[in-house]
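These notes concern the structure reproduced below.
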Amino acid sequence: MGIYSHLTTEQLQAKRDTYLAALEARLTLPTTASGEGRSVQFAQAPADIERQLRAVNEELARRSGGPTRGPIYLA
């Protein structure tokens, strides 16, 4: 049971879209802004967004019956 297991599939898909948009914004937009003595900076690193996006995708894969992880290879 994952962190997103309580959400409906539609909510998960909406959250995935939100995370994708946030990741794109984080990678393409400026990370700091300032004006009139005030400044703001994004505190969230792309790795944090990618980790949450991966968790959402794993939950969606689990619900669709697909593998949630890659294959295990034995040597």
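For the sequence shown, UniProt numbering begins at 1 and goes up steadily by one. Ideal Cβ placement from N, Cα and C applies to all residues, glycine included. Owing to the predicted nature of the structure, the values given are computational and were not obtained by experimental measurement.
Taking a contact to mean a Cβ-Cβ separation below 8 Å, would you say A47 touches Y4 in this structure? no
Give every residue of the same chain whose Cβ lies closer than 6 Å to the Cβ of T32, excluding the five residues on either side of it in the sequence, and list them in chain order. Q41
Would you tell me roughly how many angstroms separate the C-alpha atoms of R51 and K15, rounded to the nearest one? 13 Å
Straight-line CA distance for E59 to G2? 7 Å
How long is the line joining the alpha carbons of A45 and Y73, rounded to whole angstroms? Taking the straight line joining both Cα atoms gives about 32 Å.
Alpha helix (DSSP H) containing A33: first to last residue? Looking at the DSSP string, A33 is not in any alpha helix (DSSP H); the run it does join, the beta strand (DSSP E), is T32 to G35.
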